[in-house]
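Keeping their order, the protein sequence lines are chains A and B. In terms of our numbering, the first sequence opens at residue 627 and continues consecutively. In terms of our numbering, the second sequence opens at residue 1177 and continues consecutively.
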Amino acid sequence: MLKSKRFREVSYAFAIPALLFYCVFFIYPSLQSFYFSMTDWNGMDPHYRFTGLDNFLGLWNDGRFGAAFRNTIRYAVGLTIGQIVFGLLLAVLVNRGRRADNWFRTVFFSPQVISMIAIGYIWSYILDPINGSLNYLLDWLGLSSLQQDWLGSFKLAIWSVTGVSVWQGAGWCMVIFLANLQSVPQEYIEAASMDGATGLQRFRHVILPLLAPAFTITIVTGMIAGLKMFDLVMVMTKGGPGFATESISSIIYNTAFLDNRFGEATAMGIVMFLIILVITAIQLWALNRRGVEA
Amino acid sequence: MDRRLMQRLPKLLLLLLFTFVYAYPLFMLLSFSLKNNGSMYANPLGLSGEFHWGNYSEAWSRSNFDVALWNSVTITFISALLILLIGSMAAYPLARRKGKGATLLQGFFVAGLIVPMQLNLIPLFKLLHSLGLSRTPLGVIFLYIAFGMPLTVFLFSGFIRSLPKELEEAARIDGCSGAGIFFRIVLPLMKPIGTTVFILQFLTIWNDFFLPVVFLNTEKLKTVQIAVYSFVGQYANDWSHMFPMIVLSVAPVLALYVFLQKYIIAGIMSGAVKG
């Protein structure tokens, strides 16, 4: 009897290949990074010293990391807010129950399948101050006073890059909001109309509160994508002008592979991980709390 | 009738404006890929001009695009297929066994969802070097498999739990072995989620820039993304050859998107849980 019961269990042996890859190439290096972050390793020299928390403390004396840190927060917040605003707007626009809606959705979602490298170069050209389409279009519309050096200005460059990431991410948010909108019971909306609520009031007081799950998902993923911002920076600005568009990821790459300061680069990776950890914890807390209420 | 039209008009105009904002960059890409630098500057919106089909062959040969394409195709397919196989195998006992062990192991895999590649990059660099795998496609394939496990195990185990156990039990009574049950009964039932995961991993790996720029940044090993990136480094501002390169790198995924749109959207959305 006992034997037949044991026989019925699925063997853990199935998980061995996955565990092997996962432990060797993911868990082990992740744990090791905490050690490397406390050394002055340069990437080649087998002799390196243990330096305690020096790398972490040193990060804040380095103007470049401070700039990258502030920029990264701007990317994350800008991307999150931007893609939610436009994603929600797009979702409302294509939620009319018509055949053409599907076509529009396909168009708005399409940047999701294209690599950030391609998107970065296409937009670099559009935003080019001399030959770019955007300044040309502004001129054609008689708005030449609005022409800018979109990627070359210290003030504007970071928002131009953020804008491109919003363009890329809004279609994604649109799909999340659409799924959520379609789960809103029709009776709620009808009841509100019977009580004399206008379209905007219905949206503000009935639909918007029911979109809380979509907001949670889009906020968290937006924040994390913004914190990891790398490809667009490398392609569109290389962190410049100055350090105006440098992100934590781009500076990790530069610190490790151009400056050969691997210890410090690892410390930066840990700072990024800790921020993601906190955001994820807040998300889980928010989801759990809602679960209790429901 | 007119009033209804007036009410709809702002919505319709907004839709058209957004369609322009989304369609124009792709239109510009295609149109500029067929121009020479002169006609590009003469016509910054890309609306007219003659077609220079030779841009493509020249960009292709100047960037050794066949090498990049071959690298991208092999790395992407091998990684995605191995992720499917290894991930589904791991998910099977996690979904079917009860008790603390299975829960813990599942948690161990899922915890990886919140670890960014930026955290373990430097130790990985050292590890691949000491294994003799640095600057090899195989090393990068191993990394993609490892990084793909958390999401894949999470999605697969959830799916297997939703499958009825009766088929597996019947097969067991008929004397089928554990491996036989998995490969002949469970695996074929996983087709829908398998398609989703494959598309998701395919897009992630094809479009990835972070690992290739660190580990495959050479003329022989470059992927499509690196081919585009390093082309700019060599021929800065040579946009008339840049655009055909970008078209070549984007065409495979856009073609897939047109035909498999529903699956692709489902695939990308199921990746939403990843940190």
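Ideal Cβ placement from N, Cα and C applies to all residues, glycine included.
In the structure shown, A:Thr871 adopts coil according to DSSP, grouped into three states. Taking all protein chains shown into account, B:Val1426 has 16 or more neighbouring C-beta atoms within 10 Å of its C-beta and is therefore buried.
In this structure, A:Ala717 sits away from A:Met664, with a CB-CB distance that is not shorter than 8 Å. For B:Ile1381, the closest of B:Ile1321, B:Asn1393, B:Ile1422, B:Leu1432 by C-alpha to C-alpha distance is B:Ile1321.
The C-beta distance from B:Ala1267 to B:Pro1420 rounds to 42 Å, too long to meet the 8 Å contact threshold. Annotation for B:Glu1344: the continuous alpha helix (DSSP H) segment containing it runs 1342–1349. Residue pairing of A:Thr698 in beta bridges, as defined by DSSP: absent, with no partner found.
Taking one beta carbon from each stretch, the stretch 850–863 of chain A and the stretch 682–694 of chain A have fewer than 3 pairs nearer than 8 Å; the two do not touch.
Taking the C-beta atoms as reference points, A:Gly795 is found nearer than 8 Å to A:Ala851. With a threshold of 16 other beta carbon atoms within 10 Å, B:Phe1285 meets it and is buried.
Taken in chain order, the members of the stretch 1186–1205 of chain B whose beta-carbon sits within less than 8 Å of a beta-carbon on chain A are Lys1187, Leu1190, Leu1191, Phe1194, Thr1195, Val1197, Tyr1198, Ala1199, Tyr1200, Pro1201, Leu1202, Met1204, Leu1205. Beta-carbon to beta-carbon, B:Ser1255 and B:Gln1377 are separated by about 7 Å, close enough to satisfy the 8 Å threshold. Close CB contacts of A:Thr842 within its chain, under the 7 Å cut and outside five residues either way in sequence, are with Gln909, Ala912, Leu913 (chain order). Rounded to the nearest whole angstrom, the C-alpha separation of A:Leu657 and A:Gly692 is 25 Å.
Distance check between B:Phe1359 and each of B:Phe1208, B:Phe1203, B:Leu1260 places B:Leu1260 closest, using alpha-carbon atoms only. Judged by DSSP secondary structure, B:Val1390 falls within the alpha helix (DSSP H) whose first and last residues are 1386–1391.
Here B:Phe1435 is exposed. Its C-beta has fewer than 16 other C-beta atoms within 10 Å. Separation of the CB atoms of B:Thr1195 and A:Phe712 is rounded to 13 Å, and the pair is thereby denied contact status at 8 Å. Around the CB of A:Tyr701, 16 or more other CB atoms lie within 10 Å, so the residue is classed as buried.
The shortest C-alpha to C-alpha distance from B:Met1265 to any of A:Leu763, A:Leu645, A:Leu900, A:Ile902 is the one to A:Leu645. Taking all protein chains shown into account, A:Lys781 has fewer than 16 neighbouring C-beta atoms within 10 Å of its C-beta and is therefore exposed. Fewer than three Cβ pairs drawn from the stretch 817–826 of chain A and the stretch 742–756 of chain A lie within less than 8 Å of each other, which leaves the two stretches out of contact. When C-alpha distances from B:Pro1364 are compared across B:Asp1350, B:Leu1343, B:Leu1379, the shortest belongs to B:Leu1343.
In this structure, A:Ile902 places its C-beta atom within 8 Å of the C-beta atom of B:Ile1290. Within the DSSP secondary-structure output, A:Phe676 pairs in a beta bridge with A:Thr665. Taking a contact to require three or more Cβ pairs closer than 8 Å, the stretch 722–736 of chain A and the stretch 806–824 of chain A do not qualify as touching.
When secondary structure is reduced to three states using DSSP, A:Phe856 falls in the coil class, being assigned neither helix nor strand. Contact of B:Tyr1433 with chain A is assigned, a C-beta pair being separated by under 8 Å.
Remark: C-beta atoms of B:Arg1311 and B:Thr1394 approach each other more closely than 8 Å. Just so you know, the alpha carbons of A:Trp667 and B:Thr1372 end up roughly 41 Å apart. Excluding its 5 nearest sequence neighbours in each direction, A:Lys854 has C-beta neighbours in its own chain below 7 Å: Ser875, listed in chain order. According to the DSSP assignment, B:Met1293 belongs to the alpha helix (DSSP H) that extends over 1293–1306. Here B:Ser1406 has Lys1398 as same chain residues with Cβ atoms under 7 Å from its own Cβ, once five neighbours each way along the sequence are excluded.
Annotation for B:Tyr1433: Ile1440 place their beta carbon closer than 7 Å to its own, counting only its chain and skipping 5 residues before and after. Chain A has no Cβ within less than 8 Å of the Cβ of B:Ala1256. Rounded to the nearest angstrom, the gap between the Cα atoms of A:Thr847 and A:Val792 is 13 Å.
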